[in-house]
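If you want our numbering, it's the position in the sequence shown, counting the first as 1, plus 6.
Glycine included, each C-beta is placed from N, C-alpha and C at the ideal position.
Keep in mind it's a predicted model, so treat the numbers as computed, not measured.
Below: the structure, in C-alpha cells.
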Amino acid sequence: MAQAVLQNPKYKWLFEVVKGFRNGLVYGVKIRLPHSLVMTFLFHEGSLQEKLHFILNATFQHARNLAILTALYKALTLALQRIAGRAVPGLPAITGAVCGYLVFGTETKINMQINLYLLSRVTMALVRLARQQGWLPSPSSLSASLSPFPLFAALMWGLVMWLYENHLPLLQPSLQSSMTYLHSDSRRWTGLHDLLLYNSQSLW
C-alpha cells in the first residue's frame with residue numbers, strides 16, 4: 007500500500023518536496039558540521055560548552071535554511087507550472103529569487119557565508135556562459151600573457167591585502183579571523199614555543 011502511494015504520479019510533487027526538504031537538511035549538516043567543528047576549535051575562544059553550542063547552532067541554521075529553501079522552491083515552482091500547464095523558461099529565476107529573499111534574506115553570519123559562496127560560483131558560471139555565447143573571448147584564443155586568471159588573482163589579493171591593512175573591520179568576520187591569524191598573529195611571539203609550536207596560549 008505504502009509503495010503504491012509513493013509511486014503514484016498523483017503524489018509525485020508532494021514527495022519531491024518532502025525529499026527536497028530531507029536532502030537540504032542532510033546536506034546542510036554534512037557541509038556545516040565538520041566546517042564549524044574545525045573552525046571553532048581552531049579559531050574561537052570560549053569554554054567547551056560555548057564552542058559546542060556555537061557548532062550546533064550554526065549547523066542547525068545552515069541545515070534548516072537549506073531544507074526550507076529546497077522544499078519551498080520545489081513547491082512554488084511545481085505549483086506555478088501546474089497553473090500554467092507547461093514549463094515556463096524564466097520561472098526558476100523568479101521562484102529562486104523569491105525563496106532566496108524569504109529564506110536567506112535575513113543578514114546573519116550563516117546566510118552571509120552562503121550568499122557569498124554563491125556569489126563567487128555564480129560569477130564564474132556567468133563568465134563561462136558569456137564565453138560559451140561568444141560575448142567574451144575564450145582562454146584558448148588569448149596568449150598566455152593576456153590570460154584573465156592571473157589578472158583576476160592579482161586583483162583579488164591586492165584588494166584583500168589593502169583592505170586587511172587599512173579597513174580590517176569591513177571584511178567579513180571569518181575572513182577577518184583568517185587574515186588576523188595569518189598576518190597579525192605572526193607579528194607577535196614571546197619565545198620559541200609560541201613562535202613555532204603554537205600561535206598563542208588560547209589558539210593553536
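So, at 6 Å on beta carbons, what are the nonlocal neighbours of residue i in its own chain, with the 5 sequence-adjacent residues on each side left out?
i    : result
N205 : D191
N117 : F110
Would you report the Cα separation of residue i and residue j, rounded to the nearest angstrom?
i    : j    : result
F49  : V11  : 49 Å
R88  : G164 : 50 Å
P154 : Y187 : 30 Å
T112 : R193 : 37 Å
V166 : Q119 : 17 Å
L72  : N172 : 35 Å
P98  : K57  : 38 Å
L124 : G106 : 11 Å
P40  : G91  : 43 Å
F47  : H189 : 19 Å
S144 : K18  : 42 Å
K36  : P15  : 31 Å
V128 : L122 : 10 Å
G197 : L43  : 29 Å
L54  : L62  : 12 Å
F21  : P95  : 23 Å
A159 : S126 : 13 Å
S180 : M45  : 9 Å
M162 : P156 : 10 Å
L135 : A8   : 44 Å
K115 : G140 : 38 Å
L108 : V23  : 17 Å
S184 : Q13  : 49 Å
K25  : H199 : 52 Å
What are the start and end residues of the alpha helix (DSSP H) that includes residue i?
i    : result
E22  : 18 to 49
S183 : 179 to 185
N172 : 154 to 172
P98  : 97 to 110
Q139 : Q139 -> no alpha helix (DSSP H), and no H or E assigned at all.
H68  : 54 to 90
L203 : Careful: L203 lies outside any alpha helix (DSSP H) and carries neither H nor E.
L12  : 8 to 12
Can you find the residues in the same chain that come closer than 7 Å, C-beta to C-beta, to residue i, ignoring five residues on each side of it along the sequence?
i    : result
R38  : A64, T65, H68, A69
G182 : Per the sequence presented here, residue 182 reads as Gln, with Gly not at that position. For Q182, where only same-chain residues beyond five positions count, the Cβ hits under 7 Å are L174.
H59  : none
A93  : Q87
Y33  : L72
Y79  : T101, G102, C105
R137 : S144
Just confirm the distance between the C-beta atoms of residue i and residue j, as a whole number of angstroms; I'd bet it's less than 8 Å.
i    : j    : result
F27  : A85  : So it is not a contact: roughly 15 Å between Cβ atoms.
W195 : L201 : 4 Å
G30  : L82  : Not confirmed; about 14 Å, so no contact.
Among residues of its own chain, excluding the 5 on either side of residue i, which ones have a beta-carbon nearer than 8 Å to its beta-carbon?
i    : result
V133 : L142
L169 : L176, L177
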